[in-house]
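Protein chains in written order, with our numbering: chain A, 44 to 201; chain B, 44 to 201. Note that the Cβ used here is the ideal one computed from N, Cα and C, for glycine as well.
2 protein chains.
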Amino acid sequence: MADEAPFQFLHNEVIQYIYKSADSGDTEHGRNISTLESMGFRVGQGLIERLTKDTARFKDELDIMKFVCKDFWTCVFKKQIDNLRTNHQGIYVLQDNKFRLLSQLSAGKQYLEQAPKYLAFSCGLVRGALSNLGVKSIVTAEVSIMPACKFQIMIQKM
Amino acid sequence: MADEAPFQFLHNEVIQYIYKSADSGDTEHGRNISTLESMGFRVGQGLIERLTKDTARFKDELDIMKFVCKDFWTCVFKKQIDNLRTNHQGIYVLQDNKFRLLSQLSAGKQYLEQAPKYLAFSCGLVRGALSNLGVKSIVTAEVSIMPACKFQIMIQKM
Numbered sequence: 044m045a046d047e048a049p050f051q052f053l054h055n056e057v058i059q060y061i062y063k064s065a066d067s068g069d070t071e072h073g074r075n076i077s078t079l080e081s082m083g084f085r086v087g088q089g090l091i092e093r094l095t096k097d098t099a100r101f102k103d104e105l106d107i108m109k110f111v112c113k114d115f116w117t118c119v120f121k122k123q124i125d126n127l128r129t130n131h132q133g134i135y136v137l138q139d140n141k142f143r144l145l146s147q148l149s150a151g152k153q154y155l156e157q158a159p160k161y162l163a164f165s166c167g168l169v170r171g172a173l174s175n176l177g178v179k180s181i182v183t184a185e186v187s188i189m190p191a192c193k194f195q196i197m198i199q200k201m
Numbered sequence: 044m045a046d047e048a049p050f051q052f053l054h055n056e057v058i059q060y061i062y063k064s065a066d067s068g069d070t071e072h073g074r075n076i077s078t079l080e081s082m083g084f085r086v087g088q089g090l091i092e093r094l095t096k097d098t099a100r101f102k103d104e105l106d107i108m109k110f111v112c113k114d115f116w117t118c119v120f121k122k123q124i125d126n127l128r129t130n131h132q133g134i135y136v137l138q139d140n141k142f143r144l145l146s147q148l149s150a151g152k153q154y155l156e157q158a159p160k161y162l163a164f165s166c167g168l169v170r171g172a173l174s175n176l177g178v179k180s181i182v183t184a185e186v187s188i189m190p191a192c193k194f195q196i197m198i199q200k201m
């Protein structure tokens, strides 16, 4: 029931703290976003290590993505990704129709511009998880209607 | 299995971030501890509100403590408090024999002096929860052998 609540509340506090302690302004906003992203990165690395401890070796990139959409997402957000799409050329789009870290915000357009703050950590989370599975990527997120959210993953070929 | 892991990893990141961004020194250490404590306080307030939404009214202070030891602790740390003692004069001692936020540290004496960093948030958590149930308190924690931990709650009579 309230299983993901401690994580959710703590996540909100982290955002408050990072934004409060820094001066306002666009440069600071960028820096805060990247702070949140790198916190997410390290959490993602740690989590995926724990989750894949006893799993079989992944067949390919798509297999890794499916694991992220199911097991990894369920561990953090207590639900699976609702839709996974790919162009089979290194771009993946993960859609979550009710993203937990946005579900406490009002669903109107009012807080749409606040959304990046609430997504930066999770972008890092995905990038960190993939990175520890040997997949280098760039992860971005976009929201059109709250609390639905799309994560776009661009694989960086080595 | 890894249910509490996202919370645990995020908690560790928060500690790293707060300690990294501040200068070192004793004053700063005190300030960091109180930052962590107040983050915990607000998370505790939010959580207890959600958890007690459908519960019956509490009979007395001890009844509240039992709820904190069972439901609240289970929600955050996926286990109950192992032992609750009281002098019936406003002091409660909650013992957790395997405290989750310490279980990732080595069990020797080596990191004993690091323990306060890892307990401040949880002290705030308990104080926030109690505060929202109308109980004003001072919460401190002590560790003698990792990862066991005792939280002492002193009720402040109004």
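Just tell me which of the options has its CA closest to the CA of residue i.
i: A:L155; options: A:K141, A:I188, A:T183; result: A:I188
i: B:H131; options: B:Y62, B:Q59, B:M197, B:K63; result: B:M197
i: B:G133; options: B:M82, B:L105, B:Q59, B:Y60; result: B:L105
i: B:Q59; options: A:Q153, A:E71, A:T78, A:V119; result: A:T78
i: B:S83; options: B:E71, B:T129, B:V119, B:K152; result: Note that residue 83 of chain B is Gly in the sequence shown here, rather than Ser. Checking every option, the nearest Cα to that of B:G83 belongs to B:V119.
Cβ atoms of residue j and residue i: under 9 Å apart, would you say?
i: B:I91; j: B:L176; result: yes
i: B:E56; j: A:V57; result: yes
i: B:F284; j: A:L53; result: Past the edges of chain B, shown from 44 to 201, lies residue 284 of chain B, and the structure says nothing about it.
Ignore the nearest five residues each way along the sequence and tell me which others in residue i's own chain have a CB closer than 8 Å to its CB.
i: B:K226; result: What the structure shows of chain B is the stretch from 44 to 201, and residue 226 of chain B is not part of that stretch, so it cannot be assessed.
i: B:E80; result: A163, F164, C166, G167, R170
i: B:L127; result: M108, K109, C112, Y135, V136, L137, Q138
i: B:D97; result: none
i: A:G73; result: none
i: A:T129; result: L105, M108, Y135, V136
i: A:Q157; result: L148
What does a CB cutoff of less than 6 Å around residue i pick up in its chain, not counting 5 residues either side in sequence?
i: B:A191; result: N140
i: B:T183; result: Q195
i: B:K63; result: none
i: A:I61; result: N75, T78
i: B:A150; result: M189
i: A:M88; result: According to the sequence provided, residue 88 of chain A is Gln. The question's Met does not apply to it. Once the five neighbours on either side are set aside, the close Cβ partners of A:Q88 are G171, N175.
i: A:T152; result: According to the sequence provided, residue 152 of chain A is Lys. The question's Thr does not apply to it. Hits under 6 Å: none found.
Take residue i and list the residues in its own chain whose beta-carbon comes closer than 7 Å to its own, dropping the five residues that flank it on each side.
i: B:P159; result: I76
i: A:I124; result: C112, W116, L137, Q138, D139
i: B:Q199; result: K179, S180, I181
i: B:V86; result: L168, G171
i: B:D69; result: none
Measuring only between beta-carbons, confirm whether residue i sits less than 9 Å from chain D.
i: B:V169; result: Among the protein chains in the structure shown, which are A and B, there is no chain D.
Is the closest heavy atom of the ligand GTP to the C-beta of residue i under 8 Å?
i: A:G171; result: Summarising the ligand content, the structure contains no ligands, and the ligand GTP is consequently not present.
Review point. Does the pairing of the stretch 100-118 of chain A with the stretch 167-176 of chain A give three or more beta-carbon distances under 8 Å?
Key: yes
Review point. Touching or not, the stretch 145-154 of chain A and the stretch 99-108 of chain A, by the rule of three or more beta carbon pairs under 8 Å?
Key: no
Practice item. Give, in chain order, every residue of the stretch 77-91 of chain B whose Cβ lies closer than 8 Å to some Cβ of chain A. Key: T78, M82, R85, V86, G89, L90
Check your understanding: Just by C-beta distance, which residues in the stretch 51-65 of chain B are closer than 9 Å to chain A?
Key -> Q51, F52, L53, H54, N55, E56, V57, Q59, Y60, I61, S64
**Study point:** Interfacial residues, the stretch 89-112 of chain A to chain B, with Cβ spacing under 7 Å
**Key:** G89, L90, R93, L94
Exercise for review: May I ask you to list, following chain order, the residues of the stretch 180-198 of chain A that have a beta carbon less than 9 Å from some beta carbon of chain B?
Suggested key: none
Exercise for review: Scan the stretch 151-168 of chain A for residues whose Cβ lies nearer than 8 Å to a Cβ of chain B and list them as they occur along the chain.
Suggested key: none
Check your understanding: What residues from the stretch 110-140 of chain A come within 7 Å of chain B, judged by C-beta to C-beta, listed N to C?
Key -> C118, V119
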